[in-house]
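To keep things clear, I will list the structure first and then write my remarks on it.
In the UniProt record's numbering, the protein residues as written are 1 to 441.
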């Protein structure tokens, strides 16, 4: 029986402002309780023993807020952080009026330890609610907009940076808990997310699901839950089954493009080129820079981000490349054993086409009656006349034929005995005519 891993992902705005309410949990999934449960967070509806990994997503501004402290647990955690010298708290009002709490990191700690304070805040709060550190990952990204704490804070991130951080951190949180041939279920709780957070997280979860599929996971089911305002009914609002990979439209990566076309030997050849001239996926190392500024005669704190530039989809393509190249093969029998499963994650038709063409090549080797030792052309195994690879065909016709035969063109594909398997190669002309080349530095 195939095992299933359950990942709970929650988007959190400002925990300090959450009310203690009674949630009506729908119990529609085995990871969700049935009945009523009271707490500050919709997390109380989750069956803890059914979850393999908790992922909580917050933005940097979670520790520069000004609000009424409705959530006593969060307030106590912030007070403990103040006692440790990590945050400043200012309390105003109280008595018959309403208490307002303003928070920000301790002055002087901005650049070096900002994110560690954010993580510790979320981690201590989750611990109070019974989530152990070994199951918990805190995901933090930059943010945009104006927020109020002891001072006014203006955050100057941009969407591509937020997505790069979110994709990287989500995948890192999921990657070390899922394995090949498993099913994965994601409970995405958007109850407490603010502004862009639920939308970005759903899309980033789809991309992370694609990476999990490439790792070898059979399928990913994403279920989105939300608690309805005032009634606090915690219900599933959306569900999808992910079995195919989200591929960029017009990918810039030759490996990703060849993979999307269903060309396994070309993918392997390109991966060899990539390993010589291209670095592998790195973390998103963001530097937080805080400066004091003046806005209309009032002092404000501006948060700028440096160290990373680029488009999130380029970053995602690098992640795809890493996983595709990790799975690439150039040996016939090895490909026949796993290519159908891998390329069916592009789509089912591509998967069937790839395995059909590999079978045709295998049959040609068996029927030829030749003892293949030295490198021979596919056409020779078929006993057919052959022409120079790529000659006499327009590029668009050549591309169509290449896709139709999974890149195993008889005039361009070479076979050579390798121990108990057959090594496959393609003429460099194929890469040139398909426009699948890495630019030389």
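Note that CB positions come from ideal geometry on N, CA and C, so glycine has one too.
Bear in mind the structure is a predicted one, so any value in this text is a computation, not a measurement.
Helix or strand or just coil, what does DSSP make of residue i?
i	result
residue 400	helix
residue 124	helix
residue 251	coil
residue 83	helix
residue 264	helix
residue 272	helix
residue 280	Low per-residue confidence applies at residue 280: pLDDT is 44, beneath 50, and the placement is therefore not dependable, though the value from the model is reported in the following sentence. Correct three-state label for residue 280: coil.
residue 114	helix
residue 228	coil
residue 218	coil
residue 337	helix
residue 136	strand
residue 103	strand
residue 374	coil
residue 257	helix
residue 428	helix
residue 433	helix
By Cβ distance below 7 Å, which residues in the same chain neighbour residue i in space, the five residues on each side in sequence not counted?
i	result
residue 114	60, 105, 288
residue 212	174, 178, 184, 220
residue 332	358, 361, 362, 421, 422, 424
residue 254	270, 436, 437, 438
residue 14	62, 65, 67
residue 119	138, 140
residue 314	252
Report all residues from its chain with a CB closer than 8 Å to the CB of residue i; omit the five preceding and five following residues, and keep chain order.
i	result
residue 276	Model confidence at residue 276 stands at a pLDDT of 48, short of 50, so the residue's coordinates are unreliable; what they give is reported in the following sentence. So no residue of the chain qualifies.
residue 143	59, 60, 61, 155, 157, 162
residue 409	378, 389, 401, 402, 426, 430
residue 365	332, 372, 381, 415, 422
residue 286	142, 161, 165, 305, 306, 307, 308
residue 47	30, 31, 32, 33
residue 2	181, 182, 183, 218
Check for me: the beta strand (DSSP E) holding residue i runs from which residue to which?
i	result
residue 233	233-242
residue 472	In the structure displayed, the chain extends from 1 to 441; residue 472 sits before or after that span and is not available.
residue 394	Segment: none, residue 394 is in no beta strand (DSSP E) and carries neither H nor E.
residue 28	No beta strand (DSSP E) holds residue 28; DSSP gives it neither H nor E.
residue 64	Unbroken run through residue 64: none, as it is neither H nor E.
residue 48	Unbroken run through residue 48: none, as it is neither H nor E.
residue 56	53-59
Tell me the residue span of the alpha helix (DSSP H) that contains residue i.
i	result
residue 205	197-215
residue 303	Run containing residue 303: none in the alpha helix (DSSP H); it sits in the beta strand (DSSP E), 298-306.
residue 405	Looking at the DSSP string, residue 405 is not in any alpha helix (DSSP H), and its letter there is neither H nor E.
residue 160	159-175
residue 385	Element bounds for residue 385: n/a, residue is neither H nor E.
residue 355	348-368
Excluding the 5 residues preceding and the 5 following residue i in the sequence, name in chain order all residues of the same chain whose CB lies nearer than 6 Å to its CB.
i	result
residue 22	36, 38
residue 247	260
residue 475	Nothing can be reported for residue 475, as the shown portion of the chain is limited to 1 through 441.
residue 102	66, 90, 149, 150
residue 214	323
residue 281	Because residue 281 sits at a pLDDT of 49, beneath the cut-off of 50, its placement in the model cannot be relied upon, and the following sentence gives the value as read from the coordinates. Excluding residues within five positions, the ones whose Cβ falls inside 6 Å are 318, 319, 322.
residue 430	412
residue 257	251
residue 395	433
residue 279	With a pLDDT of only 43 at residue 279, under the threshold of 50, the placement of this residue in the model should not be trusted; the figure read from the coordinates follows. Cβ within range, chain order: n/a, list empty.
residue 350	262, 343
residue 19	70
residue 206	246
Just list the residues that DSSP pairs residue i with in beta bridges.
i	result
residue 312	In DSSP, residue 312 forms no bridge with anything.
residue 39	21
residue 4	183
residue 192	12
residue 289	304
residue 148	152
residue 438	None, per the DSSP bridge assignment.
residue 331	423
residue 321	Residue 321 is not bridged to any residue.
residue 294	299
residue 90	102
residue 34	26
Under a CB-based cut-off of 8 Å, is residue i close to chain C?
i	result
residue 139	Included in the structure is just one protein chain, with no chain C present.
Legend entry - Contact between the region 80-87 and the region 168-176 (3+ Cβ pairs under 8 Å): As far as the Cβ criterion goes, the region 80-87 does not touch the region 168-176, which means the pair count is below three.
Legend entry - the region 255-272 / the region 116-135 touching (three or more Cβ pairs under 8 Å): Too few Cβ pairs lie closer than 8 Å, so no.
Inset, instruction - State whether the region 374-392 contacts the region 335-343, with contact taken as three or more CB pairs (one from each stretch) at a distance under 8 Å. - result: Because the criterion of three Cβ pairs below 8 Å is not met, the region 374-392 and the region 335-343 do not touch.
Legend entry - Touch test, the region 187-202 against the region 3-11, Cβ-Cβ under 8 Å, three pairs minimum: Contact between the region 187-202 and the region 3-11 is present, because at least three Cβ pairs lie under 8 Å.
Legend entry - Sufficient close CB pairs (3 or more, under 8 Å) joining the region 13-30 to the region 226-242: These segments touch.
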